[in-house]
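Undergrad:
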Amino acid sequence: MPIDKRTLLKKSIAKALQSPGNLVGGAVCLAASAVMWNPLPLILWGLAATGWVSLSATGDRYIKQIEDEERRGEQAKAEKDREVLRQQVEAMLGESPVAQWGRAGLLPDYLASYRRLAEIRGRVTQVLAGRSDLDEVTKAGILQQLGYMLTTYLSFVRERVSYLQILANIRPATDAFSDQPPAPATPAPQPQVPVIRRDSRLQAVRPFPQPAAALPSVEKRLAEVDAKCQALKELAQKEPATAKTREWHIGILEKQRELLLECQKRDQMVVAQLGAFTDVFEVILGRVSASQFSATEVASYMGAVVEQIVETERFVDSLRPAMDQLVGGMGPV
Numbered sequence: 000m001p002i003d004k005r006t007l008l009k010k011s012i013a014k015a016l017q018s019p020g021n022l023v024g025g026a027v028c029l030a031a032s033a034v035m036w037n038p039l040p041l042i043l044w045g046l047a048a049t050g051w052v053s054l055s056a057t058g059d060r061y062i063k064q065i066e067d068e069e070r071r072g073e074q075a076k077a078e079k080d081r082e083v084l085r086q087q088v089e090a091m092l093g094e095s096p097v098a099q100w101g102r103a104g105l106l107p108d109y110l111a112s113y114r115r116l117a118e119i120r121g122r123v124t125q126v127l128a129g130r131s132d133l134d135e136v137t138k139a140g141i142l143q144q145l146g147y148m149l150t151t152y153l154s155f156v157r158e159r160v161s162y163l164q165i166l167a168n169i170r171p172a173t174d175a176f177s178d179q180p181p182a183p184a185t186p187a188p189q190p191q192v193p194v195i196r197r198d199s200r201l202q203a204v205r206p207f208p209q210p211a212a213a214l215p216s217v218e219k220r221l222a223e224v225d226a227k228c229q230a231l232k233e234l235a236q237k238e239p240a241t242a243k244t245r246e247w248h249i250g251i252l253e254k255q256r257e258l259l260l261e262c263q264k265r266d267q268m269v270v271a272q273l274g275a276f277t278d279v280f281e282v283i284l285g286r287v288s289a290s291q292f293s294a295t296e297v298a299s300y301m302g303a304v305v306e307q308i309v310e311t312e313r314f315v316d317s318l319r320p321a322m323d324q325l326v327g328g329m330g331p332v
């Protein structure tokens, strides 16, 4: 974020006042005034320092130094925040059942992709450091936008995993419209452990690992909601006294159906955006590495990419209430 002119001027004045030359001059004049018991040296230093500070504070020297310090500070904070986000995403990917989906290949290796993106950004940093035809502001702008894309990538992964976890924990639409308690879940049969007889001794063979559960399906959840609505309509016809209550219940389910569809669109947008990051980073690396480098062309391309990412962020944020309602309206198993 660019620093405003008022704050920039204040910091520039402070820099000029604290400069070694100004402080040394002030100390010498103060000592001279003390020795001679004459305030004239100190007064002369005050007048000279005021003029020098005024000229220096409005010059390019301190302004550029302050802008560089602000930029480095913002970059350090962004990298620190991004590392915190990366750790959060890593923890989410290690939870069940997300970890099982990842090991089974049902989800991309998002952290490996992130490391690849970070590696490309590092290579871009090295290329830009060796390009004397670019000013520091242009270089910093390119790296700042790449850093923003890295952070956004992690944010989209977090949104993707959260959606899958919510979808996996939605209660199946069975027995919710009946007064009878749901039937107890039938325990899964234990895998048979084959044995081999050898030298009159039994050796157990480890069973094959069980396959990971499939990714939760929106279509399956929608079918469950539709089946539940149909069952409620049939009950309303059989039991006219409950018709009003059944209609109210159906209205709730229809709202849940709408939320599922909205969240599905949200997830589709996130998945599409995640799939584009690697190609975008590769293109940027290729362009800054080209001998005929056009800073204007790269800035235009990156501007369009950032605009697309921001648009996706806004779309995702606009449907966040739908995600919250989905969490609150459909309980876990």
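Each residue of the sequence shown is one higher than the last, beginning at 0 in numbering that gives the first Met the number 0.
Ideal placement from N, C-alpha and C gives every residue a C-beta, glycine not left out.
This one's a predicted model, so the numbers in the text were calculated from it and none came from an experiment.
How big is the Cα-Cα spacing for Q99 and Y162?
TA: Answer to the nearest angstrom: the Cα atoms are 16 Å apart.
Undergrad: So, under 8 Å CB-CB, V279 and Y147 are touching, yes? Tell me the CB distance rounded to an integer number of Å.
TA: Actually they are not in contact, since the Cβ atoms of V279 and Y147 sit about 12 Å apart, beyond 8 Å.
Undergrad: Using three-state DSSP, classify M91 as helix, strand or coil.
TA: Helix, per DSSP.
Undergrad: Helix, strand or coil for E261 per DSSP?
TA: In this structure, E261 counts as helix in the three-state DSSP scheme.
Undergrad: According to the Cβ coordinates, are E253 and A235 closer than 8 Å?
TA: Result no, Cβ atoms of E253 and A235 do not sit closer than 8 Å.
Undergrad: Beta-carbon separation of I141 and V282 under 8 Å?
TA: Going by C-beta atoms, I141 is not nearer than 8 Å to V282.
Undergrad: Any Cβ of chain D within less than 8 Å of the Cβ of V315?
TA: Included in the structure is just one protein chain, with no chain D present.
Undergrad: At what residues does the alpha helix (DSSP H) containing F292 begin and finish?
TA: It is not in any alpha helix (DSSP H) - F292 carries neither H nor E in the DSSP assignment.
Undergrad: So what does DSSP say about D323, is it helix, strand or coil?
TA: Here D323 sits in helix by DSSP.
Undergrad: Pairs of beta-carbons, one from the region 123 to 131 and one from the region 148 to 161, closer than 8 Å: are there three or more?
TA: The region 123 to 131, when compared against the region 148 to 161, does not touch it at the 8 Å Cβ threshold.
Undergrad: Tell me whether Q291 is buried or exposed, calling it buried when 16 or more other Cβ atoms sit within 10 Å of its Cβ.
TA: It counts as exposed.
Undergrad: From the DSSP output, in three-state form, read off D134 for me.
TA: Looking at D134 - three-state DSSP - the assignment turns out to be coil, as it is neither helix nor strand.
Undergrad: For A167, collect the residues of the same chain with a Cβ closer than 7 Å to its Cβ; drop the 5 residues on either side in sequence, then sort them by chain order.
TA: Contacts found: P96, P215.
Undergrad: Where does I249 land, buried or exposed, given buried means 16+ other C-beta within 10 angstroms?
TA: The residue in question, I249, is buried, as its Cβ has 16 or more Cβ neighbours within 10 Å.
Undergrad: By Cβ distance below 7 Å, which residues in the same chain neighbour V315 in space, the five residues on each side in sequence not counted?
TA: Contacts found: E158, R265, M268, V269.
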